[in-house]
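Student:
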Amino acid sequence: MQGLTEKISAIISEANRNEAIRNQLLKDPVTFLKAKGINVPDPSYVDISYTPGYGLFLGIDTRFITEVSQNPMQPKDKDINDDHFRDCLHY
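If you use our numbering, the sequence shown closes out at 91, no skipped numbers anywhere.
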């Protein structure tokens, strides 16, 4: 399963390679993103532009989207300070 970052990266890569896809994304980004599994509730949360020679810029305010990463970070069993303390004892 892809997380949000991977989905956005795939969308940008595809749009940079395929002019028809890019035009669909530029015309109606909210509908296009929803079809790709990213639900943006308001068009004002998306900023998109295309400049020939530079590629596609896609900015999404992720605070308001409903897509949730399928691989959330899990806390580790130990604190980073434990390793730092042991490293200091080594010297």
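We put the beta carbon where it would ideally sit given N, CA and C, even for glycine.
The model shown is predicted, which means the values in this text are computed figures rather than measured ones.
First and last residue of the alpha helix (DSSP H) that includes Val30?
Tutor: 29–35
Student: Roughly how many whole angstroms lie between the Cα atoms of Glu19 and Thr62?
Tutor: 26 Å
Student: Cβ of Pro29 within 7 Å of Cβ of Ile11?
Tutor: Contact: no.
Student: So, at 6 Å on beta carbons, what are the nonlocal neighbours of Leu33 in its own chain, with the 5 sequence-adjacent residues on each side left out?
Tutor: Val40
Student: Going by Cα to Cα distance, which pick from Ala15, Gly53, Leu26 is closest to Val46?
Tutor: Leu26
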